[in-house]
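A.B. asks: Read in the UniProt record's numbering, the sequence shown has 133 at position 133, and its numbers run on one by one without any break. Don't be surprised by glycine CBs; every beta carbon is placed ideally from N, CA and C.
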Amino acid sequence: MSGSPLPFENKKPALSSPMLSPQEPHLHSNNTLSLPSPIITRRTRTESISNRALQNPVETGKIKEFCRSKGHGFITPDSGEPAVFVHISDIEGCYVPLPGDEVKYRLCPIPPKFEKNQAVHVEIVHLTPEVHLQWDSPSP
1 MSGSPLPFEN KKPALSSPML SPQEPHLHSN NTLSLPSPII TRRTRTESIS
51 NRALQNPVET GKIKEFCRSK GHGFITPDSG EPAVFVHISD IEGCYVPLPG
101 DEVKYRLCPI PPKFEKNQAV HVEIVHLTPE VHLQWDSPSP
């Protein structure tokens with residue numbers, strides 16, 4: 001295995017979201033949500049960071065947007081804080097989240113500076129009325 005990065009590692013896709021204000025930390029000047037770098041998945045998270053997350057209180061919010069094919073999305077916290085990044089590996093349960101689904105989660109600090117957080121241990125507590133796909137069903 002060579003030490004060169006994978007083709008997708010240097011790309012930083014942004015999700016369109018005109019509803020957020022430019023003052024929020026996950027936003028670029030053109031009002032698109034930005035992804036944390038590096039993206040920490042359940043598989044790559046260290047035990048010490050996982051333990052930090054478990055010490056944080058359970059938060060609640062709603063799915064703002066989630067893209068199954070890209071493997072990530074954002075949660076709007078009920079507390080009014082800025083949108084929080086969520087990786088597909090941190091969604092628990094058998095349904096793919098849809099915008100408006102109510103969730104509970106814990107915040108996990110993102111290294112190396114631990115200045116931002118991402119949502120982990122995300123559980124959907126109330127599904128919206130739309131039909132939800134299960135993870136093992138084919139994407140539309």
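Using only CA atoms, which one of H132, V103 and P138 lies nearest to N125?
C.D. replies: Just to set this straight, residue 125 is Val in the shown sequence, not Asn. The option with the nearest alpha carbon to V125 is V103.
A.B. asks: Given a cut-off of 8 Å, decide if K64 and I49 are closer than it, judged by their beta-carbon atoms.
C.D. replies: No; because the gap between Cβ atoms is not below 8 Å, this pair is not in contact.
A.B. asks: According to DSSP, what are the bridge partners of N56?
C.D. replies: According to DSSP, N56 bridges with nothing at all.
A.B. asks: Which residue marks the beginning of the beta strand (DSSP E) containing E123, and which one marks its end?
C.D. replies: Residues K116 to H126.
A.B. asks: Please state whether the Cβ-Cβ distance between G100 and T128 is less than 8 Å.
C.D. replies: Their beta carbons are under 8 Å apart, which means G100 touches T128 by this criterion.
A.B. asks: Between P109 and the rest of its own chain, which residues show a CB-CB distance below 7 Å, the 5 nearest in sequence each way excluded?
C.D. replies: Correct list, in chain order: I49, R52 and N117.
A.B. asks: In this structure, does DSSP put E47 in helix, strand or coil?
C.D. replies: In the structure shown, E47 sits in a helix (DSSP, three-state: H, G or I).
A.B. asks: Can you grab the Cα-Cα spacing for the pair S69 / I88, in whole Å?
C.D. replies: Those two C-alpha atoms are separated by around 10 Å.
A.B. asks: Which two residues bound the contiguous beta strand (DSSP E) that contains P109?
C.D. replies: Per DSSP, P109 belongs to the beta strand (DSSP E) from E102 to I110.
A.B. asks: With respect to the beta strand (DSSP E) encompassing P129, which residues constitute its N-terminal and C-terminal limits?
C.D. replies: Careful: P129 lies outside any beta strand (DSSP E) and carries neither H nor E.
A.B. asks: Pull up the distance between the alpha-carbon of L107 and that of S34, whole angstroms please.
C.D. replies: Each residue's Cα considered, the two are about 17 Å apart.
A.B. asks: At which residues does the beta strand (DSSP E) containing I39 begin and terminate?
C.D. replies: Unbroken run through I39: none, as it is neither H nor E.
A.B. asks: Tell whether a beta-carbon distance below 8 Å holds between V58 and D90.
C.D. replies: Not in contact: V58 and D90 (Cβ atoms no closer than 8 Å).
A.B. asks: Roughly how many angstroms separate the alpha carbons of T60 and T41, rounded to a whole number?
C.D. replies: Whole-angstrom Cα-Cα distance: 20 Å.
A.B. asks: Is there a C-beta anywhere in chain D that falls below 8 Å from the one on S48?
C.D. replies: Considering every chain present, this structure includes no chain D. It has just one protein chain.
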